[in-house]
Amino acid sequence: MINVDKKYDVIVVGGGHNGLVCATYLAKAGRKVLVLEANAALGGASATSEFSDQFSVSSCAHWLFQLNPEVASDMGLKGHGLELAARDLNTIALAEDGNHLTIGVNTLEGAGVTDEDRKAFAAFNKQMLKFSKLLSGAFNRRAPKLVEGNLTDRITLAKLGLGMKMLGKTDMSDLMRLALINIYDVMEENFENDLLKAAISLDSLLGSHMGPRSPNTVYGYLYRRMGDIYGFNGPAVVRGGMGAVGEALGNAAKTAGVDIEVSAAVSKINVDVDRATGVTLADGRVVDADMVVSNADPKTTFNKLVGLTNIETGVARRVKTIRMKGDAAKLHIALDGLPDFTGLTKDQMGQRLLIAPTMDSIELAFNACKYGEYSKAPAMDISIPTIHDPSLAPDGKHVMSVIVQFAPYELEGGWESHKDNFKNLIIERIADYAPNLKDKIIASELLTPADLEDRFHIHGGHWHHGEISLDQILTMRPFPGASQYGTSVDGLFLCSAGTHPGGGVMGLAGHNAAKEIIKRGKSA
Ligand SMILES: Cc1cc2nc3c(=O)[nH]c(=O)nc-3n(C[C@H](O)[C@H](O)[C@H](O)COP(=O)(O)OP(=O)(O)OC[C@H]3O[C@@H](n4cnc5c(N)ncnc54)[C@H](O)[C@@H]3O)c2cc1C
Numbered sequence: 074m075i076n077v078d079k080k081y082d083v084i085v086v087g088g089g090h091n092g093l094v095c096a097t098y099l100a101k102a103g104r105k106v107l108v109l110e111a112n113a114a115l116g117g118a119s120a121t122s123e124f125s126d127q128f129s130v131s132s133c134a135h136w137l138f139q140l141n142p143e144v145a146s147d148m149g150l151k152g153h154g155l156e157l158a159a160r161d162l163n164t165i166a167l168a169e170d171g172n173h174l175t176i177g178v179n180t181l182e183g184a185g186v187t188d189e190d191r192k193a194f195a196a197f198n199k200q201m202l203k204f205s206k207l208l209s210g211a212f213n214r215r216a217p218k219l220v221e222g223n224l225t226d227r228i229t230l231a232k233l234g235l236g237m238k239m240l241g242k243t244d245m246s247d248l249m250r251l252a253l254i255n256i257y258d259v260m261e262e263n264f265e266n267d268l269l270k271a272a273i274s275l276d277s278l279l280g281s282h283m284g285p286r287s288p289n290t291v292y293g294y295l296y297r298r299m300g301d302i303y304g305f306n307g308p309a310v311v312r313g314g315m316g317a318v319g320e321a322l323g324n325a326a327k328t329a330g331v332d333i334e335v336s337a338a339v340s341k342i343n344v345d346v347d348r349a350t351g352v353t354l355a356d357g358r359v360v361d362a363d364m365v366v367s368n369a370d371p372k373t374t375f376n377k378l379v380g381l382t383n384i385e386t387g388v389a390r391r392v393k394t395i396r397m398k399g400d401a402a403k404l405h406i407a408l409d410g411l412p413d414f415t416g417l418t419k420d421q422m423g424q425r426l427l428i429a430p431t432m433d434s435i436e437l438a439f440n441a442c443k444y445g446e447y448s449k450a451p452a453m454d455i456s457i458p459t460i461h462d463p464s465l466a467p468d469g470k471h472v473m474s475v476i477v478q479f480a481p482y483e484l485e486g487g488w489e490s491h492k493d494n495f496k497n498l499i500i501e502r503i504a505d506y507a508p509n510l511k512d513k514i515i516a517s518e519l520l521t522p523a524d525l526e527d528r529f530h531i532h533g534g535h536w537h538h539g540e541i542s543l544d545q546i547l548t549m550r551p552f553p554g555a556s557q558y559g560t561s562v563d564g565l566f567l568c569s570a571g572t573h574p575g576g577g578v579m580g581l582a583g584h585n586a587a588k589e590i591i592k593r594g595k596s597a
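When you line the sequence shown up against our numbering, it's residues 74 to 597, in that order.
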């Protein structure tokens, strides 16, 4: 709760995981911190909700696979109650005839894979992880300015340069070449197996407005593989759903002395002569502070909370041009029992399941989004968390959580009249792989990107609060001039997935923003 007798040093707008991480580091550094969260629960898009009587699900993000280990340890997440119900899961690329492909960290099984495929996969993995490791050196620190950078920036750049050199001639030129082409071509260069090519392609673009032939998809894949560098050998299922991450972080923040108020929407970041002075809540209360840190995405922060009249025209233009079209929806299904997926055991149903038969099918699905239509054959990433964590549903019942890629935020004609059709289409599509699915359904809920925007206050419902692409990373994230967490408004900082290094439940945007604020001192 807000302590009216306290003069806060910092107000963090938003109790998403990055906001909570940032708040905790700041409090540990001696700042008096208040977190104001619009929703009733903490965690932002790392959330659990009951979507049907006694059936709960991770209502946005559903896998933990990128959480930075330094952040997890600094926050003491285990001690604050975070438990994994399963980890290091395989990915199974589903085939309608049951001849599925199982992809482990370094293993391939099924779907007619040959020794050649396995060798090519091992070599590809080795190279990708080398590149992701190189990038990771720039992830846990602020993005270096290229021109007027100070010593810290020069050290980061020197490390990156040295890392590039250490790759050796072949890998260095490969990295530069691959970063500029697309995952489709890279897959064609490396593999024969359609399911494998499609699964890797899907990982390169999940949550983005891209198809396998889009530039930047190779970067998207390296970004996804950052989880491997952070010690994940595949996705993990959080006990109690992803909302448990928000709860544990909330406990960490409170233990560090942070005051938190939920159901406390901020309607305005108050600015006086180019300096942030605090916030006004939707209920009219005004809270002053020396500094405001926004965990809301950059477009929401500037367009809605600061107001375009309070920023320079150039900055307003940069905010406008941030690319962040969400193409991912969520489907939640309450099940009377486990459906029978052709060719899968119960243990296999507990792994990460993908529906993405070929790269061309993904590209065609993306084509629909380009023209404001939903795909009639969307790609999917499916989790049945109750196989590992029965607490989410009544005894013997299950929930299915599906990330559905290729449902545009701005659907031609609006979502209201199309939502049921789209939901039925997705269910029919899953039933191609699990023929008795429809007999098991008790209830279902579809969250379109527009619903995700409403529920989690993320502009466009975008996974990363802004596309992860070469023109929007490092010093270009979220836009030049706001790339080191500070903004053109003194005392206003950003800490969301929209800042460097980007989204996913990773914690580094919150970590880096806090370190930067601490470094700049109380007068920043
Ligand atoms: C469909 C989908 C599936 C995803 N799946 C995964 C996955 O499986 N694994 C994974 O790692 N990542 C996944 N992601 C991405 C991940 O969820 C996000 O990148 C991450 O949660 C962003 O964290 P954040 O703290 O930066 O922002 P958020 O989680 O968006 O938190 C921002 C917080 O600010 C609050 N807020 C905003 N405006 C205000 C205001 N005016 N007043 C008060 N509070 C405010 C919001 O309510 C929210 O709580 C997925 C994303 C989507 C859209």
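Glycine is no exception: its CB is placed at the ideal position from the N, C-alpha and C atoms.
Keep in mind that this is a model prediction, so the values were computed, not measured.
Excluding five sequence neighbours on each side, which residues of the same chain lie with their C-beta closer than 7 Å to the C-beta of R191?
Only L181 meet the Cβ criterion.
To which residues does DSSP link M453 through a beta bridge?
According to DSSP, M453 bridges with I428 and V477.
Paired residues, beta bridge with L567 - DSSP:
L567 is bridged to S367.
If I'm right that I333 touches G88 with Cβ under 8 Å, what's the distance once you round it to whole angstroms?
Contact flag correct, Cβ pair sits at about 6 Å.
How would you write the range of the alpha helix (DSSP H) that S129 sits in, first residue to last?
Looking at the DSSP string, S129 is not in any alpha helix (DSSP H); the run it does join, the beta strand (DSSP E), is F128 to S131.
Is any heavy atom of ligand 1 found at a distance shorter than 7 Å from the C-beta of W488?
Checking the Cβ of W488 against ligand 1 gives no.
Please tell me whether A166 and I435 are closer than 8 Å, where the distance is taken between their beta carbons.
No.
Quick one: is T243 buried, meaning 16 or more other Cβ sit within 10 Å of its Cβ, or exposed?
Its Cβ having fewer than 16 others within 10 Å, T243 is exposed.
Any heavy atom of ligand 1 within a distance shorter than 7 Å of the CB on A111?
Yes, since a heavy atom of ligand 1 falls inside the 7 Å radius drawn around the Cβ of A111.
What first and last residue would you give for the beta strand (DSSP E) that runs through F124?
Counting along the chain, F124 sits inside the beta strand (DSSP E) bounded by residues T121 to S125.
DSSP state of Y303 mapped onto helix, strand, coil:
Reduced to three states, the DSSP call for Y303 is coil.
Measuring alpha carbon to alpha carbon, tell me which residue in S129, Q557 and R297 is nearest D276.
Nearest Cα to D276 within the set S129, Q557 and R297: R297.
Terminal residues of the continuous beta strand (DSSP E) containing E182?
L181 to G183 is the extent of the beta strand (DSSP E) around E182.
Considering Cα atoms alone, identify which of E110, D82 and A113 is closest to A102.
Out of E110, D82 and A113, D82 has the C-alpha closest to the C-alpha of A102.
With a CB to CB cut of under 7 Å and the five nearest residues on each side skipped, what residues in its chain are close to A369?
V86, G87, L378, H530 and S569, listed in sequence order.
Are the segment 239-255 and the segment 217-231 touching, with three or more C-beta to C-beta distances below 8 Å?
The segment 239-255, when compared against the segment 217-231, does not touch it at the 8 Å Cβ threshold.
Given A326 as reference, the closest of D78, L99, D544 and K443 once Cα atoms are compared:
Nearest option by C-alpha distance: L99.
Suppose the cutoff is 6 Å on Cβ atoms and the five residues either side in sequence are ignored; what does the same chain contact list for K206 look like?
Sequence-distant Cβ neighbours of K206 in its own chain, meaning closer than 6 Å and more than five residues away, are I302.
Would you report the Cα separation of T560 and T350, rounded to the nearest angstrom?
Each residue's alpha carbon lies about 14 Å from the other.
If you draw a straight line from the alpha carbon of T386 to that of K595, how long is it in whole angstroms?
About 28 Å.
Tell me which residues share the same chain as L153 and place their Cβ nearer than 6 Å to its Cβ, disregarding the 5 neighbours each side in the sequence.
For clarity, residue 153 is His in the given sequence; the question names Leu instead. If we look at H153 and ignore the five residues flanking it on each side, its Cβ neighbours are A321, N324 and A325.
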